[in-house]
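Peer 1: Residue numbering for the sequence shown follows this note's numbering, beginning at 1155 and increasing consecutively.
Glycine included, every Cβ here is placed at the ideal spot set by N, Cα and C.
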Amino acid sequence: MRISGFTFLKNGTKLGYPFVESIKSALPLVDEFVIALGPCEDDTEARISAIGDPKIRIIHTQWCDKMRDRGYIYGQQKMIAQFNCTGDWCLYIEGDEVLHQDEIPEIRRRMERFKDDDQVEAMFFDFFHFYGDINTLGISGYRRAPRIIKSSVRSYAPDGLFFVVMDKNKKGRYPRAVHAGANVYHYGHVRPKQKMASKVSDVGQYWGEDQAQFSGYEQIDSAVLRPFTGTHPDVVQAWVNDEAEHAFTPDPSYRLSRRDKKVRLKLKLEAALDIEISKKHYTDLSKRYGL
């Protein structure tokens, strides 16, 4: 069994991504790691090269600044990297996401188990979305997402988050997936505030609109926050200690938006009915296989 990892990057240092830690976290699992690297104004490429692992393969790309439709340029870059993978399985991980070393063996075990099962096309992870500081999680966004897909599946990426399988030329569907038996640790919203401000400013152009100026992590509804009681992956410990935000307090005067009110209602329904209400970009086969 051969496993590929892939991602795309541009100005990783400037925008505060723990991309070196992200890549290193995946290397014990994969046989190759493909990076679609856009034009950088910083030392991103030098830092990747300094990792010094022969599994890493950089593909230099261009970004079309005329593409400003709902972040589709991220899908383009993701597909460049994905289409250069040669493994049976392809693991997609973003530059602010990290795998835990203790969970790598289970991911590999499930890859071995389902490699030749045509019903299983992908695998999804649970997500720890850190928010504001390294001890706090935000739960209002997606909680699970498919990040592993078979190279034999005819798929494409309409954005950075998910895959679409094309059984037919004109109609796509989400992949059939099982749980990967692991989590993705997402550190994008605990990067230093000044770098988060740069990131928000830079990415706005790719969404066809001006992004609201980043004013700090404090502007959030505290109802969507939960304490993190687990352990951070070993590979990201130094970044967590030296780079990440370590303390924040939600603004008590924060005024709820219409979206916030909908999220609160959803959380109340989930608690009352003991169900989960969230968007899933996959068809879950886990129960079929006893997972």
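Are there 16 or more other CB atoms within 10 angstroms of the CB of T1290, so buried, or fewer, so exposed?
Peer 2: buried
Peer 1: Among the candidates V1357, A1334, D1313, R1308, whose CA atom is the shortest distance from the CA of K1325?
Peer 2: R1308
Peer 1: R1262 by DSSP, collapsed to three states: which one?
Peer 2: helix
Peer 1: Rounded C-beta distance between I1157 and L1183? I'm assuming under 8 Å.
Peer 2: 6 Å
Peer 1: Ignore the nearest five residues each way along the sequence and tell me which others in G1166's own chain have a CB closer than 7 Å to its CB.
Peer 2: If we look at G1166 and ignore the five residues flanking it on each side, its Cβ neighbours are F1173, T1198, G1249.
Peer 1: Can you tell me whether M1320 is buried or exposed, with buried defined as 16 or more other CB within 10 angstroms of its CB?
Peer 2: exposed
Peer 1: Output the distance between the C-alpha atoms of F1284 and R1264, rounded to the nearest integer angstrom.
Peer 2: 26 Å
Peer 1: Between the Cα of L1419 and the Cα atoms of A1377, D1219, F1278, G1370, which residue gives the shortest distance?
Peer 2: Answer by Cα proximity: A1377.
Peer 1: Which residue's Cα is closest to the Cα of P1406: Q1373, C1194, T1437?
Peer 2: Q1373
Peer 1: Quick one: which unbroken alpha helix (DSSP H) runs of 4-plus residues sit fully inside the region 1180 to 1214? Chain order, please.
Peer 2: 1198 to 1205
Peer 1: Throw me the rounded Cβ distance for the D1185 and K1209 pair, which I believe falls under 8 Å.
Peer 2: Their Cβ separation, rounded to whole angstroms, is 7 Å, which keeps D1185 and K1209 in contact under 8 Å.
Peer 1: On the premise that E1397 lies in contact with Y1371, defined as a C-beta separation below 8 Å, what is that separation, rounded to the nearest angstrom?
Peer 2: Wrong, their Cβ atoms sit about 15 Å apart, outside the cutoff.
Peer 1: Using only the alpha-carbon positions, how far apart do Y1228 and D1313 sit?
Peer 2: Distance between Y1228 and D1313, taken at the CA atoms: about 6 Å.
Peer 1: Keeping to the same chain, check which residues put their C-beta closer than 6 Å to that of A1190; ignore five residues upstream and five downstream.
Peer 2: F1162, I1213, T1215, Q1231, I1234, A1235
Peer 1: Would F1281 and R1301 qualify as a contact pair, given that the criterion is a beta-carbon distance under 7 Å?
Peer 2: no
Peer 1: What number of angstroms, rounded off, separates the C-alpha of V1357 from the C-alpha of R1224?
Peer 2: 11 Å
Peer 1: For G1206, is the classification buried or exposed, using 16 other Cβ atoms within 10 angstroms of its Cβ as the cut-off for buried?
Peer 2: exposed
Peer 1: For L1423, which three-state DSSP category applies?
Peer 2: helix
Peer 1: Between E1275 and K1304, is the Cβ-Cβ spacing less than 7 Å?
Peer 2: yes
Peer 1: May I ask you to verify whether the region 1250 to 1258 touches the region 1322 to 1336, counting CB pairs closer than 8 Å and requiring at least 3?
Peer 2: As far as the Cβ criterion goes, the region 1250 to 1258 touches the region 1322 to 1336, which means the pair count is three or higher.
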